[in-house]
Structures are given as C-alpha cells and as structure tokens.
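Number of protein chains: 2
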Amino acid sequence: MKKAIFSTEISLLRSTMQRLLRRRAHTNISKILRKTHQADVALIMRSLSQYDQKKIFSLCPTSLHKARLLEELDDSLIEKVLEHESEKSISKIFRYLDTNDQATIIGMFPESKQQEILTKIEVDDKDDVEEIMSYPDDSAGSVMTKETFTLNQNTTVKESIKKLQSFPENDKIFYLYVLDNKEKLVGVVSLRTLVTSKNSKKLKEIMIKDIQAASTSTDQEEVAKKVAQYNYLALPVVNRQNKFLGIVTIDDVVDIIREEASEDFLQMAGVGKDREILLKSPIENAQSRAPWILASLIGGICAAGIISYFNSLLEQIIVLAAFIPVIIGVGGNVGTQSSTIVVRGLATGRVDAANTFPLILKELLVGSILGVAYGLVVGFTAEYITGIDMSNLGLVIGLSIFCSMTIATAVGASVPIVLKKLGFDPAISTGPFVTTAIDIIGVALYFVIASTILIN
Amino acid sequence: MKKAIFSTEISLLRSTMQRLLRRRAHTNISKILRKTHQADVALIMRSLSQYDQKKIFSLCPTSLHKARLLEELDDSLIEKVLEHESEKSISKIFRYLDTNDQATIIGMFPESKQQEILTKIEVDDKDDVEEIMSYPDDSAGSVMTKETFTLNQNTTVKESIKKLQSFPENDKIFYLYVLDNKEKLVGVVSLRTLVTSKNSKKLKEIMIKDIQAASTSTDQEEVAKKVAQYNYLALPVVNRQNKFLGIVTIDDVVDIIREEASEDFLQMAGVGKDREILLKSPIENAQSRAPWILASLIGGICAAGIISYFNSLLEQIIVLAAFIPVIIGVGGNVGTQSSTIVVRGLATGRVDAANTFPLILKELLVGSILGVAYGLVVGFTAEYITGIDMSNLGLVIGLSIFCSMTIATAVGASVPIVLKKLGFDPAISTGPFVTTAIDIIGVALYFVIASTILIN
C-alpha cells in the first residue's frame, strides 16, 4: 500500500505539474513522479495536452514506474503515450505487467506491430498473452489473470507453504487452486486454512471441492454479478474440459462493475458506449451522439406529419397546439422512469427476464394511477390556463394525458425486455427509442381523441 | 465457497419451491434450504408472496442458516420476515451476524424494540453495534466491519501467526492492522508478508507505515472510489485521534458501487432513490414517481402558457404547431446526453468539479455542431414535409433547432454541476429538471424566432 493523496490534493498536484511542465523542470517532475501514486498521475493526465501527457510518461524514472502508470491509464491515453516508444522499450516495460495487461495493450496496436512486440516479450509470458488475446472482448477469458497460485492435489501443506513463500509478491492471492494430474480444477484452499492445517496433510484432504467456475466465454458482466452475489474474492476460469486457465479477481470485478454501469448510463442516454467520451474532441463527440439524435429527429418529423394531417382540426381549435408539449412531456418522463427501472433491474438481476408479464402489468397500473391523477389535475385546470371557455376541452386533455401516461409505462417497460430477448443490450438507446416512440404515440392519440370528442 | 447454482437453475429452484409451498411439504423445503446458497434463496424470495417469504424464513433449519439468509435479503424483506420473531430468537440469530449487520437490522426496528434486542445480544458485541448505529447513514462508520485482525506493533511474527490461527474463520482478512499502545493505527502487514518474514521480527519492523484511512464520517461513495482507484482490498476507518475503529472491505465496496449506481440511475430518471422500488406496490410506486412527473407537468403548463401567448401568430401560420415536438424532442435528447455524461463523470471522478468551464464550453460546441447539422437537415426538408410553400419557414425551423440544441447542451451540462456545488446529489432529478427546462426554453425560442422572422 503506497500512500495515496487525498482528492483535495489532486488539484494541487495538477497545478504543480502544469507549472513544472511550462518551466520544463524535468528533474523536479521525475522526483514528483517517483513519490506519487500512479493512480493519481493517471487522473491528472486526463486534463493535460497530448504533448504533456507524452512528456510525463517519458519522465517516469524507471520502466517499473511506466508499467504501473500504464495499469492506471485510460485506453485512449495508453495508445497515445506508447505511440513513439520503441519495441525494445515496450518489452522492457512489459516485464512488470501481468499477462492480462500485456494482452490488452498489445491488442491496441496494428497487427504488424503486435507480432514485433510479441517476439520481444518473455517466452513464458508469450503463450499466456496470445491465449488471452484469442478470447472475445469482455469475456471471462479476456479479463482473467494468469498469475495464480496453483498446486497439485497431492502436495502436502508443508510443501505448499514453502511454495507460497517463494511465489512472487502479490497481495491478490486469495486462494490456492488445487489441480489434478491433468491440470483440471478439483478444489480450492484458503490461505488461512493452509496456515492452520497440519503440515503432513495433503491438499486434497483439506480443499473445498464444491466450486463454481466461469468458462472462457462467460460475459464479464455475468462474472461480476456472480462475484457480487456470492461474495467471492475471485472466480476461477476453466475450459470445456474443466482445465484451470486463470482467475478473475474481485479488484477487477470492481472495475468491471463501474465500467458496465458507465456504459449503461451512456447508452441509455444515447451517447454510444465509449466511457472515455470526455477525452474525445467535440467532433468525435458529436459523431458518436449524432445517430441517437437522428432517431428522435425522425420521430419528431413523424409527429409533424401527424399534426399536419390534423391541420383543419387545429385551425378550428388552435388552443390544442398549446398542450402538445405537456402531453408528450409527461408521457416521455413516465416512460423513461419505467424503462430505467427495467434496464437497471435486468442489469442487477432484480428483473427476471423469464417472468416479465407481471412487471409490465404493474408498470401499466402505475401509469394509469399517475394518469388518472394528473389527467384530472390538468384537465380541470386546462380551461382556466387558456382562458378559453370550451366544453369538453378539459376532457380531451385529461383523457389524452391519461392514455399517454398509461401507454408510456407499457412501452417503457417493454422495450428493454424485447431488446434483451432479441439478444441486444437492453440499455442500447432505450432512452431515445422510448421517448421517440412515446412522442409519436402521444401526439397521435391526442389528435384522435380531440377529433373524436370535439368534432362530433 | 459453497457451491452456488447457475442462473438457468434459478427458475427451476423457484418453481420447485413454489410447488412445495403449495403442497406444504415443509420437510422437503427445509432440506432444500440446507443445501442451497442463501444468495439464491434470497433471489427467489423476491418473487414470492409475503406469506411464503415468512414461511421460508421460518423453515430455515438452524439459526445459522437464518443469519446467512438475512445477510443476503433486501432490507424491506428483512423487516417483514423478522416482524413476528421473538427477541430471543432474534438474539440467537444475531450470534452469527457480524456487528455491522446486527446494527443495520436493529436500526430497522422502532426504538423501543431496539433497546429490547440490544439488551439480549452478546455483551462484547453490544458496544460495537451501538457505535456503528451512532454514525450517519452511508458513512464509512456505518458500513465498516469491526471484525478485524489487529495486533500491537511490538508483537513478534511468531506470536502473530499463532494469533491468526486462533482467530475465527474469516476469508475477508486481507491485512493485519498494526496499532500502538494507544490503539492508534501505525501500520499494516499483508498476510503473505507475515508468513514469509522471520519469526523473531516484530511487526513494527515489517509493517508498511504509509497508509490511507477514511474517517467515520467519510461518505461511503468516497470510500468506494478510493478502493477502486487505488486497488485496495480494504480501507481502515479511524477517528480524529487516528484511533483504529474498523475496516471497509472490498466485497462491501462491490455492493456500495452497485447500490450507488442503481440510485443514480433511478434518480436521474426521477424515480426517487429506492433501489427496492420493484418490490413496492403500484400505489407506493406511483407515490415515489409522482413528484418528478409533477415537475414536467408544471414545465408543460408553462410551455402551454407561452404557446397561448403567441396565439395570433399560430392562427396565421398554423404549420408552426407541427414542429413543436421535434424542436423540444431533439433539445431534450441532446440535453439528456450532456447531463448524463456529466453526472456519470462526477460519480466516477472523470469530471473535476473544480474545473468545469472547459467542459461546459465543449458541450456547447458539440451542441452547436449537432445543431448546425440537424438544423440544416430539418430546415431544408421542412417545406417539403408540410407541402407548404412559405419563404423563411425552413430558416425559422432550422435556426430554432440549432438554438434549442446549443442551449440544451449548456443547460444539460450545467445543471448537475450547479446541483453538485450547492451540495445536492447531481443525479437528483437531473433528468426531469433538464428536460423540463429545455422544453420551456425551446418553445419560447421557437416562437420568438418565428415571430421575428415571419412577421416582419
């Protein structure tokens, strides 16, 4: 545990660093980099120019420092700072990275450079790195660590403790994984059990045999859910033949949970799923947001078409236009509420995708309760607000609000479930999809109700 | 590690349990409860009736099973299943709970019953429980565990290992915390360092002295952020005099991160912050969602007032009404994008609250880029869509979309920052606030632009 600085001190570190960079006080910068936790350095690098980011990386006093900094940096910064590093320097830094980080970083380079780097890294690591790179993105195989403590089931406790003592320093070793002669995972022993057992016992006598494991292709989100649900500290990863391949540790699960939540937040708002969007230029930013805005634009144009269709009604009763925003507004909001509850429920396991009918029914009920309440309120006050005395205007507006809210909850709750069942991420554009659909439905309903009640 | 069942098997467990409950096959239920991981039991209990929830709890074979189940249950279910348990039975179950869970559960009862239960729990635990209960909700003090492994700095390695062996089984012991004679925290030793150090050495010779700690009042979200950022496995909690009080472990941090993300999701959609909303009745559900809908209702009524004000303009150019949805729709969506990026950035530390001006400027730029692009598209097609040949109609609509989107990004990015600076949770109703504000501004701008360009 290296002492980390407190968040109030981050801005001090940032301004000091900026001042030293301006003055080109490179020796001082190196000194600070030696003493500062790399997580803090990574944090302040986000707000520096690309030139300064590269400068800071190159001023790290040793390859070990560079490696620790790479572990903490955002992906898009890693690419930039390594751009002009030689393969030799990269292979030096790689000696201090675990195989998983090596695989992630190599994966960022074009294929030709990947091969060059792979030939320069340590032979022991090469196979592991290539193995991890072969698994699909965001799978258990791609996020697992190969640096694990495994022993054969016939090893004695005494030998095991000796082996542990000669194992490289690593405070993420929570369990000793026990394998049979074919490297299949047969059990697990906690370090504490190991220390408190008789020296002469064999691992197979003290190990727990009932263990859960992920396969290499298990989605990282599923791994995270399991670790969280059962309070595990690590989950082993095995292949189809139950051969032990690695583990996903709880500190990586913390990162996975944060990343997945961020992606869901961004996707629900229709901003793509790039967590590093804040580091992107305004143009790149606009590009990844444009498609979702287009969805709502098309929806808005459909609504315009519907309203144009009811042109003659609107000419007769111009006040109807005034209530368009409130009708689509409340519908959109209550629909967003429903879809958010369902999307988050699906992500945390609170919503069971196999049993969604009661949920949609309940949302429909909530929508109609709110619809009755607010339909009555707005309906009764509509005539007062506009100052127009027209029989049934309140009825039209109240009824439209009721229908809009009721349908909005049903649509809001159903869209994520349908997306999930079709194999899409339910968070994908639930927001824009839902609000756009509700805009169109709300406007259409409103004018149909108005023409039915007011014209006859 | 008790073998947990896979998610595909959860529905099988649920249907089996429901069948056995209908048949009152209580012996069989007890048998299943003995073999099933309590996290899975807690999961299926969510979808059972209140009567069946109580039945299952009462059929748990031992007090230990009941305790393990309580650890996994949602708060609102804990209250229900314990409602009719006697204080004696509760105190029996409590023997198997750590002091933090005891404090949380006791806190759910009315004050009079709290005292009764407190008198019945073990004397050793009583002080700890009362201490934890005295800290504010969601503070480091309220989530810390008191079951830690601490020793005086003058203890030898040999003695320490002996003490560790006699310590109750607990796989969440990652570090040995080292205290001075006044119980102040002076260092930390990893179990691995302990096992690999010479027997005769004293703890103060092998401990790491640079350690970071939280105070009892530190917000749990801050604790989680630190643990995630620095890859800690646990963070010690101390009082103002640096006296060691307990630790927050990484498995609790996993829960905190998930809970805080869920709360932010719900708050941003304006559904309150009750993570257990899915367990609530439709009426309770509608009640917690009603206030945020009211916000958008009031916004909608303001918009109605604005539109009514421009009544004569609208009578002349009725086609203006058709484009109300698209103008407030794209504004609302792009504003939600901005506020989501900022809210999530504040939560994960990617947005620095002290340096927000460049961020808002950038969002403004993104808004204007998107505004120009989509303003041109909609502006040029407006006349075609409506089939109306009117000079400058396209200009009005295009310009309104541009203004609406530009202002929406500025509002969307600023509201969460302002809320944060005022000491509110930025996620609170960012969604409803932002969309409502943008509805009003968008409509007003649209009609001002229209009357300026089209009337003169």
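Listed in order, the protein sequences are those of chains A and B. Residue numbering for the first sequence follows the working numbering, starting at -1 and increasing by one per position. Residue numbering for the second sequence follows the working numbering, starting at -1 and increasing by one per position. For glycine and all other residues, C-beta sits at the position ideal for the given N, C-alpha and C.
Just checking my contact of residue i with residue j at CB under 8 Å: how many whole Å lie between their CB atoms?
i	j	result
residue 370 (chain B)	residue 295 (chain A)	Wrong, their Cβ atoms sit about 14 Å apart, outside the cutoff.
residue 228 (chain B)	residue 63 (chain A)	Actually they are not in contact, since the Cβ atoms of residue 228 (chain B) and residue 63 (chain A) sit about 16 Å apart, beyond 8 Å.
residue 12 (chain B)	residue 45 (chain B)	7 Å
residue 305 (chain B)	residue 320 (chain A)	4 Å
residue 214 (chain B)	residue 235 (chain B)	6 Å
residue 248 (chain A)	residue 259 (chain A)	With 8 Å as the limit, residue 248 (chain A) and residue 259 (chain A) do not qualify as a contact, their Cβ atoms being about 16 Å apart.
residue 358 (chain A)	residue 269 (chain B)	With 8 Å as the limit, residue 358 (chain A) and residue 269 (chain B) do not qualify as a contact, their Cβ atoms being about 16 Å apart.
residue 380 (chain A)	residue 391 (chain A)	6 Å
residue 308 (chain A)	residue 449 (chain A)	7 Å
residue 332 (chain B)	residue 291 (chain A)	6 Å
residue 148 (chain A)	residue 242 (chain A)	6 Å
Please state whether DSSP places residue i in a helix, a strand or coil.
i	result
residue 39 (chain A)	helix
residue 461 (chain B)	Nothing about residue 461 (chain B) can be read from this structure; chain B reaches only from -1 to 454.
residue 235 (chain B)	strand
residue 247 (chain B)	strand
residue 408 (chain A)	helix
residue 435 (chain A)	helix
residue 7 (chain B)	helix
residue 426 (chain B)	coil
residue 196 (chain A)	coil
residue 308 (chain B)	coil
residue 241 (chain A)	strand
residue 459 (chain A)	Residue numbering for chain A in the displayed model covers -1 to 454; residue 459 (chain A) lies beyond these limits and cannot be assessed.
residue 461 (chain B)	In the structure as shown, chain B starts at -1 and stops at 454, and residue 461 (chain B) therefore has no counterpart that could be examined.
residue 166 (chain B)	coil
residue 413 (chain A)	helix
residue 352 (chain B)	coil
residue 449 (chain B)	helix
Based on DSSP bridge pairs, tell me the residues matched to residue i.
i	result
residue 173 (chain A)	A:188
residue 226 (chain A)	Paired residue(s): none; residue 226 (chain A) is not in a bridge.
residue 213 (chain B)	B:236
residue 183 (chain B)	B:177
residue 419 (chain B)	Answer is none; residue 419 (chain B) lacks a bridge partner.
residue 206 (chain A)	A:186
Going by C-alpha distance, which of the options is nearest residue i?
i	options	result
residue 285 (chain B)	A:382, A:207 and A:372	A:372
residue 141 (chain A)	A:251, A:74 and A:197	A:251
residue 98 (chain A)	A:131, A:91, A:49 and A:308	A:131
residue 362 (chain B)	B:393, B:405 and B:340	B:405
residue 153 (chain A)	A:394, A:261 and A:199	A:199
residue 53 (chain B)	B:73, B:23 and B:390	B:23
residue 197 (chain A)	A:160, A:412, A:282 and A:366	A:160
residue 401 (chain A)	A:414, A:446 and A:428	A:446
residue 9 (chain B)	A:415, A:438, A:351 and A:186	A:351
residue 411 (chain A)	A:436, A:450 and A:315	A:436
residue 124 (chain A)	A:149, A:95 and A:108	A:95
residue 120 (chain B)	B:101, B:267, B:434 and B:26	B:101
residue 182 (chain A)	A:239, A:117, A:137 and A:173	A:239
residue 217 (chain A)	A:453, A:133 and A:67	A:133
residue 299 (chain B)	A:309, A:317 and A:297	A:317
residue 342 (chain A)	A:365, A:429, A:303 and A:59	A:429
residue 112 (chain B)	B:136, B:137, B:18 and B:80	B:80
residue 279 (chain A)	A:266, A:48 and A:388	A:48
residue 209 (chain B)	B:175, B:195 and B:201	B:175
residue 335 (chain A)	B:192, B:272, B:87 and B:449	B:272
residue 438 (chain B)	A:323, A:434, A:136 and A:417	A:323
residue 86 (chain A)	A:68, A:114 and A:108	A:114
residue 202 (chain A)	A:189, A:193, A:162 and A:155	A:155
Say yes only if the C-beta of residue i is nearer than 7 Å to one or more non-hydrogen atoms of the ligand SAH, and no if none qualify.
i	result
residue 207 (chain A)	With respect to small molecules bound, the structure shown includes none, and the ligand SAH cannot be examined in it.
Problem set entry | Inside the segment 68 to 154 of chain A only - beta strand (DSSP E) runs reaching at least 3 residues | 148 to 150, all fully within the segment 68 to 154 of chain A.
Exercise. What are the uninterrupted segments assigned as alpha helix (DSSP H) that are 4 or more residues long and contained completely in the segment 9 to 53 of chain A, given in chain order?
Worked result: If we require 4 residues or more, the alpha helix (DSSP H) runs fully inside the segment 9 to 53 of chain A come out as 24 to 33 and 36 to 43.
For this session: Ignoring anything shorter than 4 residues or poking outside the segment 355 to 406 of chain B, list the alpha helix (DSSP H) runs there in chain order.
Result: DSSP runs (the alpha helix (DSSP H)) wholly in the segment 355 to 406 of chain B: 355 to 384.
Exercise. Counting only runs that start and end within the segment 273 to 343 of chain B, where is the alpha helix (DSSP H) found for 4 or more residues in a row?
Worked result: Fully enclosed alpha helix (DSSP H) runs of 4 or longer: 280 to 307 and 309 to 314.
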